[in-house]
Each structure stands twice: as C-alpha cells, then as structure tokens.
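One structure below.
In my numbering, the protein residues as written are 3 to 96.
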C-alpha cells in the first residue's frame, strides 16, 4: 500500500492498462496491491492479485491477475498492461 503524487502515474507502479477511470487525474492516489485470491462477494468471483485505486473519494478494484467465476468455474484474464511497472510503491510514513 502506498500513496503516489499523481494518479496518472499508477501504471508505473501497478499492472494496469492505463484507461481506468480513477487514474485519469493529476491528483494523488492511494494504491493497495493484494497478493493471492480475494473473493469479490457482490460479483460471485475470485480475483487473483487485484489492485485497489483511490483518488479523492472515488475508488475501485481492478483485476491484475486471473478472475474465476465461482458459479461456472470459468476463468478470465484481464487485459495485459501496456508496460510493466517500473517502480515499487513508496513506503508509508511511520
């Protein structure tokens, strides 16, 4: 988890495509990267390694790994990032 100065730079820190609505801003952004399988109860899916982006009061989860539909067992793969992240998230201040 970390905060970056400009939401538009999220693709430099996380495996996102770059068209996500929350990152179309020059405001600071919080990024939370999860590892492992995370159940998404409202969708009936299990996401692997999702990323949460929050800018101001807007936020959302994005699939950065496989997504499994619990009911059908189907597995979907999100679009690949245009570039691989080049930076680690900045550390949280003590």
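Backbone N, C-alpha and C fix where the C-beta goes; we use that ideal spot for every residue, glycine too.
query                                                                                       : result
Which of helix, strand or coil DSSP assigns to residue 24                                   : helix
Sub-8 Å separation of residue 50 and residue 67 beta-carbons                                : yes
Buried versus exposed, by CB contacts within 10 Å (16 or more), residue 76                  : exposed
Segment contact flag, the region 4-17 with the region 36-48, C-beta cutoff 8 Å, min 3 pairs : no
N-terminal and C-terminal residue of the beta strand (DSSP E) that residue 42 is part of    : 39-42
Buried/exposed call for residue 57, threshold 16 Cβ in 10 Å                                 : buried
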